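To keep things clear, I will list the structure first and then write my remarks on it.
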Amino acid sequence: MASRHHILVVDDEEAITYLLKTELDDIPEFATSVANSVAEAMTLLQGQLYDLVLLDIKMPRVSGIEFLRHIKEQVPTTQVIMLTSMTDIRTAIETTKLGAYDFIGKPYDTQQLIAAIWRAIEHRQLLIAREAFQFYQPSAIIGSGKTIRELIEKAKKFAASESFVLIHGASGTGKELFAQLIHRHSPRKEQPFIAVNCAAMPDQLLESELFGHEKGSFTSAIKTKQGLVEVANGGTLFLDEVGDISTTTQPKLLRFLETGEFRRVGGTSTRKVDVRIVSATNKNLENEVKAGRFREDLLYRLNVVSLKLPPLKDRKEDIADLVNHFLARKSKLKRLSPQALQDLKSYDWPGNVRELEHVIEGAIALSHGDVIEPKDLWINASPETKSTGTRPADLSKDAVVPLKEMERIMIERGLKRFNYNRAKTASALGITTKALYLKIRRYKIKVPILKLEED
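Quick note on this note's numbering: the sequence shown kicks off at 675 and runs consecutively.
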């Protein structure tokens, strides 16, 4: 079951906090806590991520306005509704400029207050969804073959439970798509889906991304930052390439999985969130355990239920569906000749579905008419080479070169076509600007400095 909405009521008058808690406790979706001082409220905030704070504008010692500033700095997605007397309306309006979602005058109307609370919670969910959009772009799982259909049904069954799921599969088989599918069919579907690639970051950065950090905890920590476990609160956290997490970070992840508790880097207070974990790996984690590179107890925690995704060479009945899907997304005017489709089915696809998508992208760029022919494909489907992943060197039919070289050629061609505009080039290639930048560095592609500055 997804977490309830946590609300904190902060008012120095005990009668008001008691009354508000009594009223809000009648709403099953709310879990309400109270504090009669800012010091008490700060202690509660350190141990729990709240969706909403109802805050009296006049508090002793530390004002409600100062505490509002603290909340928005520490947990910017937590919404704040100010409680104020009718004589403080002008001040209350000023608090909205400081980040308060709304203000309610005393004596308040219960129904009006509850309506404002729901609006604030919906606003918070919208903010989280916007923040999460860079991580989560749902796509369909394409294929009508028996194997993929059975896997989809199995994933939907897993979605109904709260069990952790471990997805096994080679790179390019669609592990994140299945993680998204599980989330979309789970009780948490209205909450965030956050994905993190554990192989793409060094230890300290990964720990900071997952658990957040306090201001000044390391050289570049110029402000406090929420971790992805907090952003994903109530939803699903997808740990991609979990087998690449270092033995230094593994114990911290294990503790979080067992308790739901964590500490930000540089922090001393323990925080608690409610997230479901779906993880994925292209490694044999049992072998990693035997080699001492992965904790056995962590594997047991992650691998409650599992999915094993087949390589594309074992589900060639889906290639036609996948090709039609990629063509519909990228160029509705293009179609594949029968021989080109046969060549695609004859190839063993070491890069799986991701490689097929890149081949179709390249074929769209290379073909001159509305029909993609075998000569437009970056593969050699002959029996001698179909399993090696070889490519036409100069885009001619006979020469061969590695896929990475072919990717470099297409990136250079795209950059020149769009006058070295990275945003337009990335869009045409179907990748993010950040991914393009990394590939430019990896392949040491020369780009005019002025052109980079213009982007």
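For every residue, glycine included, the Cβ atom is placed at its ideal position computed from N, Cα and C.
Since we're looking at a predicted model, the values are computed, not measured.
Item, Value
"Return the first residue and the last residue of the beta strand (DSSP E) that L729 is part of.", "L726 to D730"
"According to DSSP, is L772 helix, strand or coil?", "coil"
"Does the segment 953 to 960 touch the segment 910 to 918, meaning 3 or more C-beta pairs lie closer than 8 angstroms?", "yes"
"Rounded to whole angstroms, what is the Cα-Cα separation between A713 and Q720?", "11 angstroms"
"Given a threshold of 16 other Cβ atoms within 10 Å of its Cβ, counted over all protein chains shown, does I767 qualify as buried or as exposed?", "exposed"
"H842 by DSSP, collapsed to three states: which one?", "strand"
"Round the Cβ separation of I856 and G909 to the nearest angstrom and send it over; I've been treating them as touching at under 8 angstroms.", "Going by Cβ atoms, the distance from I856 to G909 rounds to 12 angstroms, so no, they are not a contact pair."
"To the nearest whole angstrom, what separates the beta carbons of L1051 and D1017, a pair I think is in contact under 8 angstroms?", "6 angstroms"
"For G738, does the count of other Cβ atoms within 10 angstroms reach 16, so buried, or fall short, so exposed?", "buried"
"In the DSSP assignment, what are the bridge partners of N871?", "D914"
"Could you tell me if G1031 is buried or exposed, where buried requires 16 or more neighbouring beta carbons within 10 angstroms of its beta carbon?", "According to the sequence provided, residue 1031 is Glu. The question's Gly does not apply to it. When all chains shown are included, E1031 counts as buried."
"Count the CB pairs spanning the segment 980 to 987 and the segment 839 to 852 that are closer than 8 angstroms, and state whether there are at least three.", "yes"
"If you compare alpha carbons, which of P861, D730 and Q865 is closest to E796?", "Q865"
"Considering only the alpha carbon of each residue, which of M733, E1086 and E883 lies closest to E688?", "M733"
"Along the chain, where does the alpha helix (DSSP H) that runs through K926 open and close?", "Q924 to T933"
"Go ahead and pull the three-state DSSP assignment for T751.", "coil"
"Nearest to F704 by CA position, among W792, F892, V903 and A906, is which residue?", "W792"
"Can you tell which of L1103, G941, R945 and K695 has the C-alpha that lies nearest to the C-alpha of R1003?", "L1103"
"Identify whether L742 lies in helix, strand or coil by the three-state DSSP scheme.", "helix"
"With a CB to CB cut of under 7 angstroms and the five nearest residues on each side skipped, what residues in its chain are close to P1122?", "Y1094"
"Quick check: the Cα distance between Y1117 and I1085, rounded to an integer number of angstroms?", "10 angstroms"
"Taking DSSP as the reference, what is the three-state secondary structure of R969?", "coil"
"What's the gap between the Cα of T765 and the Cα of E935?", "37 angstroms"
"On the three-state DSSP scale, how would you describe K1132?", "No answer is possible for residue 1132: the residues shown for the chain start at 675 and end at 1129."
"Excluding sequence positions up to five away, which residues of its chain have a Cβ less than 8 angstroms from the Cβ of E1047?", "S1011, Q1013, A1014 and S1041"
"Does the Cβ of D730 have 16 or more other Cβ atoms within 10 Å, making it buried, or fewer, making it exposed?", "buried"
"Where does S707 fall in DSSP's three states?", "strand"
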